Amino acid sequence: MIPIVTPTEMAAIDAAAPEPVEELIERAGGALAAAALAMLGGGYGRRVTVLAGPGNNGADGRAAARRLQRRGVRTAVISTADDPTALPPAHLAIDAAYGTGLRRPHGPPPPPASLDDPHVAAPILAADIPSGVDGLTGGIHGHCWTADGTVTFGALKPGLLLHPGAQHCGPVTVAPIGLDTTGARAHLVTAEDVGAWLPVRRPDTHKWRSACWIVAGSPGMTGAAHLAAAAALRGGSGYVRLSTPGLDHDPAAPVEAVGFALGHEPWARDVGLDHWSRFRAMLVGPGLGREATTTQMIRDLVAHAPLPLVIDGDGLAALGGDAAERLAPRTAPTVLTPHDGEFHRLTGTRPDPDRFSSARSLAAATRSVVLLKGPTTVVAHPDGPALVVTNGDARLATAGTGDVLAGLLCGLLSAGVEPFTAAAAAAWLHGRAAAATPPVGVTASDLPPRIPTAWEAALAAQPASPTRRAAQGTTAGDPGHATATTTEASA
């Protein structure tokens, strides 16, 4: 996993480094110069314009300029103190004006024109973070350039991953410069991580070893239940029991899901009359509705279900502002999957711009794992650690995709994956499945059939152990997607 630290945490890491700040600046400059040479395709005869600020970010840019000059690059270092209104044309511009600590509005001049094509701006490489992007929240202070790539030092910062700042970064490379980031409380999830978390089926396994129960849908509104069941079946469950209260027979349900009738009301007491011990996880909420009796049934079920429980959709609405109190009696793990509107119902406010803090706060209050959905998904553990998933995109902004995610998560829980990593793995697989669809015209039902391909991509990214190879067979192909990469570079 790739560490993520806040600007305050990074300042403390910098201060604790045994090396003098001048040495760290030289290392950062080396990483920047190496990235610049890669973007330029070489050094001799090329021109680079560096916009350098007064602090360490500007010092990083100046260090890069000195190294580039030694490689035959003609560099122009322009100080922000001169308040320039135009910059000399270049083959590449380096944005080293301000780093993650900027809080006032930033007003840079237009990017320099490209010497390769004077009708367009030169490509831009950002040092640590595009100047003007808030390192904590991803908000924009004033105006900022949109980089074609960013080299960040030591660890990712939240502002590189949260929107709108993430839209200004381009591909992000983490350059290790000798800083100790082992204490980071947040990490970006990669394909290799997910591959390590996914369950391996034993040779002697059977369907009941990974059985889950889904309580979802309502008469005439069964789509959410069908999507969740299909995703659970694709996501690790060997047996899916599907119950829609008030519906005795559902001919449109996935053929592999096993229907179990629940009365219209009160149905919560009927859940569990069959032996709980046969199931490993449960999902409650999608499409159940919000009638007063349904809300009470959900609350009763949440209170007495002894299984790891995913609560989604109308299940979250039923908990409302009393979520912490209503979850208190539970002894088994709970995972909450709110989008911003559902977060508001649970807490009374929408998530803060610092979405890491918001997810952690709800997780701590409810003693639950919280999967806060959005363009950047934050999964928070009640004890404070956070995992971040960034491989979803706008194709997921359509009705029903949240039901798929909830079902997939329930499937992973039923297969024995620990709740915190199951939530992160489900979000990653969900985004990867969406990435395998066409760019337009995608519906939620397009996702479950693509989950196995996403699963295979995660496994392919991890060095296979003999046990995994024997259980899963040989896999090959795309090693998966990660927003950021880590590299060691010098110039």
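If you're matching positions, the sequence shown starts at 5 in my numbering and goes up one per residue.
Every residue, glycine too, gets a C-beta built ideally from N, C-alpha and C.
The structure displayed is predicted, hence computed values, not measured ones.
Since residue i and residue j are thought to touch, with beta carbons under 8 Å apart, how far apart are those beta carbons, to the nearest angstrom?
i, j, result
"T53", "P92", "6 Å"
"L129", "L165", "Actually they are not in contact, since the Cβ atoms of L129 and L165 sit about 19 Å apart, beyond 8 Å."
"P290", "A410", "6 Å"
"G240", "S449", "With 8 Å as the limit, G240 and S449 do not qualify as a contact, their Cβ atoms being about 19 Å apart."
"V306", "R330", "6 Å"
"A190", "F360", "6 Å"
"G404", "A228", "7 Å"
"R107", "H167", "Wrong, their Cβ atoms sit about 19 Å apart, outside the cutoff."
"A40", "A100", "The pair is not a contact, with the Cβ atoms about 11 Å apart (cut-off 8 Å)."
"K161", "G139", "5 Å"
"G317", "G406", "7 Å"
"T402", "T370", "About 28 Å; that fails the 8 Å criterion."
"A195", "A20", "Not confirmed; about 31 Å, so no contact."
"L350", "L366", "6 Å"
"M225", "A272", "That belief does not hold up - the Cβ atoms of M225 and A272 are roughly 19 Å apart, past 8 Å."
"F157", "A327", "About 39 Å; that fails the 8 Å criterion."
"N60", "Y102", "At roughly 10 Å, the Cβ-Cβ gap does not stay under 8 Å, so N60 and Y102 are not in contact."
"P333", "T141", "35 Å between Cβ atoms; not a contact."
"H268", "G293", "Going by Cβ atoms, the distance from H268 to G293 rounds to 11 Å, so no, they are not a contact pair."
"G319", "V288", "5 Å"
Measuring alpha carbon to alpha carbon, tell me which residue in the options is nearest residue i.
i, options, result
"T341", "T154, P310, H385, G62", "H385"
"A363", "V392, P337, T335", "V392"
"A285", "T338, M43, A296, G169", "T338"
"D397", "S361, D387, P443", "P443"
"L237", "E260, G76, G227, A101", "E260"
"A461", "V137, A439, H308", "A439"
"T297", "P270, V288, L463", "P270"
"L455", "A464, A437, A465", "Just to set this straight, residue 455 is Ile in the shown sequence, not Leu. Considering only alpha carbons, the answer is A437."
"W280", "G317, M301, A215, D208", "A215"
"C173", "D387, G153, G136", "G153"
"T209", "H230, G242, Y48, L202", "G242"
"I116", "R51, L251, P58", "First, the residue type needs correcting, since residue 116 is Pro and not Ile in the sequence shown. The shortest C-alpha separation from P116 is found at R51."
"N395", "G293, D87, L192", "L192"
"A126", "P207, A233, L44", "L44"
"E422", "G352, A458, V373", "V373"
"G163", "V275, P11, P389, L313", "P11"
"A200", "M5, R399, G415", "M5"
"P467", "Q171, A332, T335, D197", "D197"
"A231", "V9, P452, I8", "A quick correction: the sequence has Leu, not Ala, at residue 231. Of the listed residues, the one whose Cα sits closest to L231 is P452."
"S83", "A69, V314, G263", "A69"
"A233", "T457, L412, T441, A15", "L412"
"V155", "P122, G143, I98", "I98"
"T387", "C414, E346, F424, R399", "A small fix is needed here, since residue 387 is Asp in this sequence, not Thr. With distances taken between Cα atoms, D387 lies closest to F424."
So if DSSP puts residue i in a beta bridge, which residue, or which two residues, is it bridged to?
i, result
"T338", "L313"
"M225", "S222"
"W217", "R245, M286"
"I8", "L160, A190"
"A232", "Beta-bridge pairing links A232 to no other residue."
"I128", "A97"
"S118", "A94"
Secondary structure, beta strand (DSSP E): runs of 3+ residues fully inside the segment 38-113: 51-56, 78-83, 96-100
Unbroken stretches of the beta strand (DSSP E), 3 residues or longer, contained in the segment 235-322: 243-247, 285-288, 313-315
Every unbroken alpha helix (DSSP H) inside the segment 137-205 [4 residues or more]: 162-165, 195-201
Runs of beta strand (DSSP E) lying entirely within the segment 333-421, each at least 3 residues, in chain order: 338-340, 373-376, 381-384, 390-393
Three CB pairs or more closer than 8 Å across the segment 29-48 and the segment 213-226: no
At least three beta-carbon pairs within less than 8 Å, the segment 421-432 to the segment 376-390: yes
Contact between the segment 255-263 and the segment 317-328 (3+ Cβ pairs under 8 Å): no
Cβ pair count under 8 Å reaching 3, the segment 62-82 against the segment 121-136: yes
The segment 139-154 in contact with the segment 109-122 per 3-pair CB rule at 8 Å: yes
Inter-stretch contact (C-beta, 8 Å, three-pair minimum) for the segment 178-195 and the segment 15-29: yes
Any beta strand (DSSP E) of 3 or more consecutive residues that is wholly inside the segment 426-462: none
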